[in-house]
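Below: the structure, in structure tokens.
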Amino acid sequence: MSKRYWTTLWDWKDDPTVDKRRNEEFASKPQEYFEAEAKGGLQFGRRDFMKWSTGALALASTACSRKPTQQIIPYVNQPPEVMPGNPDYYATTCRECSAACGLVLTTHEGRPTKVEGNPLHPLNKGTACARGQASLFNLYDPDRLKSPVALERVHSLKGLVGSAPQVDYNLVFPTALWHEGWNLRKNIHPIQRTLKKVTWEQANQQVGRLLQRAGTRGVLLTGTIHGRARTALLADFLTVFPLRHVVYDSLNPDALVGAQQAAYGKPVVPRYFYDKAEMVVTFGDDPIGAGISRQEYSVGFGRQRKIRGSKGHFQMSRVVSFEPAMSLVGVNADSRYLVPPSQLLSVAMGLAHQLVVIDKRSSFAGNAAVAAALAAYEPGAVESAAGLPQGLLGRLAAELWRQRGKSIIVGGGIAGGTANQQDLDVAAAFLNSVLGNEGATIDGTRSPSLQAQGSNAAMLALVDDMNAGKVDTLLVCGSNPAYTLPEAAGFLDALAKVPHVVVIADRLDETAQLGDLVLPLLHGMESWGDAEPQVGLLSLQQPTINPLLDGRSLEDALIGFAYTTPAGRAKFTAPPPLPAPIPPPAPVAGGAPTAAEGTATAAGAAAAATAAPKMAAKQAPAAKGAAAPAAAAAPPPPPKTVISFYKYLKQYWQTAVYAKSNLPASFDDFWVGALRAGVFDPDPARLQPGPARTFNPAALAFGKQAAAPGAPALGTDELELALSVNCMMGDGWWANNAHLQEIPEIVSKNCWDNFFTVSPATAKRLGLEPNDKRQYVIAEVDVDGHKLQAPVFVQVGVHPKVTTIALGYGRASCGEIGTDIGHNAYTVAQIAKNNAGLIYAGARVKFRKVTGPSYLIASPQDNNYINFTEDKQTPEGEGRGPMIVREATLVQLQANPRAGNPEQEKALSLWDNGGPSEHTFPDYHWGMTIDMNACIGCSACIAACYNENNVPVVGKDQVWRGRDMAWLRIDRYLSGDFENPDVTRQPMMCQQCENAGCESVCPVIATITDAEGINVQVYNRCVGTRFCSNNCIYKVRKFNFFNYGKVRASPLELALNPMVTVRSKGVMEKCNYCVQRIHEGHYRAKERGVPVRDGDIQTACQQTCPSQAIYFGNMNDPHSKMMQARNERGYKVLEDMNYKPSTVYLTKIRNLGAEPALAQLQPGGESAAEKDSQA
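Counting in our numbering, the sequence shown runs from -9 upward without gaps.
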């Protein structure tokens, strides 16, 4: 019996509105809106729809983007002069997070317009995540702080309620951005503040005095900082001011670092080689969705998911996930088991018991201390307590042992962030040592990660000191504890007791608005820097645009503060410039030439200047009775000036990097080469894991304290709360980025919101189901007296005793876009005993319904129903499901390379008369192949498409109405058990059909197939009938309901790609395979006098994909990578409709292990493998 596929809860329920949306001609009708707008009765405020979208305004003048004064080096080549329309490319380092991936920035006339990964960088290998792709909109964000401001100090913060602030917004933000009555503090504590503009010189003097006076009672609070020059400057700064340095990121690896110290004796963040792992087992962690170096992990993880080998010997990695709710790694897992946070440690220890005690694997077998620690975790008891299939741990242990040295076990993460998270990380480390993964797929010695150095424990200790009055001055940069610390930490009360607070930030965020002085921080694309994300891996960061606002980098700001003191001037004074060549002195009587005449050079100028007057005097003695000539006055010493961080960086790299590298080239050549490449990775051994570490069995001592596996049973209405992190918002730093807000989160497929998620069974049991109008219940939870209200979303793949909610939303002050979007889940995190850290999972909560169904959630998945359930007579309503999504198991593929992909009968067509086809493309016929095994659902492709093609974002209300504008989407298909289904992801864009249904119905021929097989849209012809959209079976055409750029704030227009037309209201648009890149490829090939070669042209989605799931090329070239990727697994979506699409998908393959029983078993149901065998 074939599987049933569905996309949403409403689809599963056969809700009549689903069929209505599938079958109605137009899902959203613009006539009523246009008519109301024409009568002046329709007014859209700035918060009503997204005027800040990127796809809608003519390019403004770029005079503000002045040429940098320091030399920056293009990535590939630097033309002798900037030519309008010709882009330049610069290698740099991404600063969107501390992972520090390598980037290549495309610039037009001095302004960055596109972000790509640096193919030379070993972390991301030419790819970029969604946040990196969207980073341009952080650079051009209108909400950035314009200049330094001083705020009126309010010493009592808690509980104050006042009117809207009396603020001159022109001092802070562009005038057009703000509307009257906007509350600066929003949800925290509305209070009156007065802002006064100050200069950087004034700020330097004031901060310098404060830090000098504070001495050891001053604190520098930053996020993670790495990069050898940056850390050296920080060390120099701390010798001038003896401040205490506290590192605090919003999400910190305290448990992982503590576990590594306990297990191996050194507190490090290990490096994971997912590109070497044939098997991955996770216990709550989501390395590719919320990992410390998630782009690096995604590159290795995704590429291991590809099918390798030949018939009978196919290989792909296997992923097993134990988690409380569906995550990105869980979506990709072959076998997925629902386990509440409180049971994750027991399951990990039960697996260790099976391997070491029962199966007697590894050298730890027979170790009395290990046996005693594992004794309480008998696998059968663990499986019963966690609700797992009996015998699962035994089978999983056998499979892991077969893959020893080629697997990775990870634990913890946010979902596993319970009070015993460190124990869970110790258990994962022990399993890796047992399986021989240490030194094979995990490196903790040669090149461990430096990407996460923050500490929750250190931050909580600082809060204690602030409360105790031990902090006189607090200097904050790159950290926002007023938002990310839980209410239980009491940060606001503690901050009120600090006499002086200085914040360096790019905007008035929750922490900045509580300071005395706020100084604008430059974006990474405006400043110099370096990075060392892993020991020995060095990269450079260079500016590609001059500062748009009056800001400074952290390093230049610290230099400025220090330079106000004598010690700082001694340390940060720029070296005097090389003297210019001195012209020879004028000849004296007799006209004898001087010895230096005509010989002074730049190198010998100083010696010549000294010798020349003496020699001239000897050769031309004064005449008798004449006055002796006056001695030449010594030139005044050059004035001392403060060193810039650019000069500091360059000097450091010359003395500490270049000098120790034993390179034959000169430093200038080395510097130019390093800037051009963007990365310097001199040790090839660093690409392999270092020597294995020895696990200390004493680290497992916690196991002896366990009376029995598992926690006390939950009450009838109790659930375990697990906070989570999604790929778009992350920790919330990107909340003001509209593009990331609008890209659907891969698990829920919702956007512009966060919410409590509960399983369908739990929602029904607790009366939390939405109503027929798709309005959701708002509920409240209470964690130790701290309450949080949010809507309740019914989500499959959630444990029935668990509820989750994503962090990163509910910002109180980040800008007009992100403020008040969603709900702040940080408030209900807990404090661990003895302030040892923060607890993000395991709290027991009960829902209190606040209102009935009334909350709307925007879900683009609801807007693109492809009609695949026409035939209700097929088993389980299968309909066209297999015509869209095809899948099989690895075992089935070994026997039959066409498994899950039966050959289709040739469709009959009235157009086929047996003669030559009308559609002939003799030179180039562009096509695409998409590997659904490799696609991990990270959505970087969507962000890249937004950026490359000037696609607008439209806001929550318009998305809810079905008017999202994304050219590319990732459809999510569910199958199997309703409560915990299998998930298949399918990137869907215009299929570039040869028999395109859209073309035959357009009355003005606005959509046509060009000479290279691309279905192009002629915007000037389009009159907006939308017939093409109605006739498109793939639902990929988008209609512009508004001129989204009319009310758009500057300088967002600078992010527009000048090579792509900006569309206007009433025009249809869609994917065109990045036709502007195709034209550029032809032009470059013509310049070289050669045909376009395979790989010369990459689409935006293809270029950024971390797992190389997308291939693009010429279908007329059978040797192209795109055509080579097409094999027996290849099929075309809805091929029976005879539209002849140019995009081919490869069947999804699941690696269920050697035994069918290892597939995911559902309570009272069959395994996926058993269902396949019965089909």
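Even for Gly, the Cβ is constructed at its ideal location relative to N, Cα and C.
Just so it is clear, the structure is predicted and the values come from calculations on it, not from any experiment.
In this structure, the beta-carbon distance from Val209 to Val237 does not fall below 8 Å. Considering only Gly550, Gly705 and Glu732, the residue with the shortest C-alpha distance to Met718 is Glu732. Annotation: Ser240 to Ile1087 spans about 39 Å, alpha carbon to alpha carbon. Selection Arg838, Gln503 and Ser353 evaluated against Asp707 yields Arg838 as nearest (Cα-Cα).
Within the DSSP secondary-structure output, Trp916 pairs in a beta bridge with Asn1104.
Gly668 sits away from Ser517, with the two beta carbons spaced by 8 Å or more.
One thing to note: Ala338 has its Cβ within 8 Å of the Cβ of Gly401.
Excluding the 5 residues flanking it on each side, Pro687 has same chain C-beta neighbours closer than 8 Å at Phe354, Asn357, Ala359, Val360 and Ala363, in chain order.
For Val1065, the enclosing alpha helix (DSSP H) begins and ends at Val1065 to Arg1078.
Closest option to Asn1030, judged by alpha-carbon separation, among Asn1141, Gln1098, Pro1081 and Trp957: Trp957.
In this structure, DSSP gives Pro850 a helical state, which the three-state scheme calls helix. DSSP lists Ala495 as the beta-bridge partner residues of Pro510. Take Ala889, set aside five residues on each side of it, and the residues of its chain with a beta-carbon closer than 7 Å to its own are Ala878, Gln882 and Leu883, in chain order. With contacts defined as CB atoms closer than 8 Å, Asp244 and Asn726 fail to qualify as a contacting pair. The beta carbon of Pro471 lies closer than 7 Å to those of Tyr238, Met449, Phe481 and Thr501 in the same chain, with the five residues before and after it left out. Per DSSP, the beta-bridge partners of Gln976 are Asp961. Shortest Cα-Cα distance from Thr919 to any of Ser1110, Val259, Ala769 and Ile535 involves Ser1110. For Asn1005, the beta-bridge partners assigned by DSSP are Thr999. Look at Glu373 here: in three-state DSSP terms it is helix. Taken atom to atom, the span from the alpha-carbon of Val875 to that of Ala1099 is near 16 Å. Secondary structure in the region 178 to 211: the beta strand (DSSP E) runs of 3 residues or longer, each lying completely within the stretch, are 185 to 187 in chain order.
Comparing C-alpha distances from Gln894 to each of Asp454, Lys1130, Ala769 and Asn114 shows the shortest one belongs to Lys1130.
The Cβ atoms of Ser352 and Val424 sit closer than 8 Å to each other.
Cβ-Cβ separation between Gln982 and Ile960: approximately 18 Å, too far for a contact (criterion under 8 Å). Contact between Asp433 and Ala249 is ruled out by a C-beta separation of about 16 Å, above the 8 Å threshold. Comparing alpha-carbon positions, the option among Pro887, Glu984 and Lys946 lying closest to Gly917 turns out to be Glu984. A Cβ-Cβ distance of about 5 Å is found for the pair Thr794 and Ser714, placing them in contact under the 8 Å criterion. At a Cβ-Cβ threshold of 8 Å, Cys119 and Cys928 count as neighbours. By the neighbour-count criterion, in which 16 or more other beta carbons inside 10 Å mark a residue as buried, Asn410 falls on the buried side. The Cβ atoms of Pro790 and Tyr766 do not sit closer than 8 Å to each other. The Cβ-Cβ distance between Lys187 and Val139 falls below 8 Å. In the assembly as shown, Gly302 is an exposed residue. Its beta-carbon has fewer than 16 other beta-carbons within 10 Å.
For Glu770, the enclosing beta strand (DSSP E) covers residues Tyr766 to Val773.
Counting only the Cα atoms, Tyr799 lies some 11 Å from Cys741.
When the five nearest sequence neighbours on each side are left out, the beta carbons in the same chain lying within less than 8 Å of the beta carbon of Leu709 are those of Val748, Thr752, Lys791, Val792, Thr793, Arg834, Val835, Lys836 and Phe837, in order along the chain.
Restricting attention to Arg261, Tyr553, Asp954 and Gly340, the CA atom closest to the CA of Arg1027 is found in Asp954.
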